[in-house]
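Before any comments, here is the structure.
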Amino acid sequence: MANVKSAKKRIKVGATKRIQNQMIKSAMKTAVKKVKIAVEAGDYELASNLFSDAASQIDKAAKAGVIHKNTAANKKSGLARQINGLAS
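According to the numbering used here, the stretch in the sequence shown is residues 7 to 94, in order.
Quick look at the structure:
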């Protein structure tokens, strides 16, 4: 356990940030999962509507530093590819 006041504060701040990061990541995963469910159901309209929310959540996670920006781009690209596969 930390003895210095600043070290104790960093432990508290780190715990708070970890919870915030978990919330951001969970929201992102939920949005992505909704899109994948719509794609599996073959519903192009619903999937394309949910994609905008998922892309927004992915961008927020990347902006917050929860995921890397290239990971965010790969996730959005993969979802878009799945949705475009339904259209054809």
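Here a beta-carbon is modelled for each residue, glycine too, at the ideal position from N, C-alpha and C.
Check: To the nearest whole angstrom, what separates the beta carbons of residue 78 and residue 67, a pair I think is in contact under 8 Å?
Finding: 7 Å
Margin query: Are the CB atoms of residue 63 and residue 30 within a distance shorter than 9 Å?
Written below: yes
Checklist line | Nearest-angstrom beta carbon gap, residue 38 and residue 85 [assumed within contact, 8 Å] | finding: 7 Å
Margin query: Relative to the C-alpha of residue 35, which candidate in 7, 60 and 50 has its C-alpha closest?
Written below: 60
Checklist line | Neighbourhood of residue 82 by C-beta distance below 6 Å, restricted to the same chain and skipping five residues each side | finding: 61 and 64
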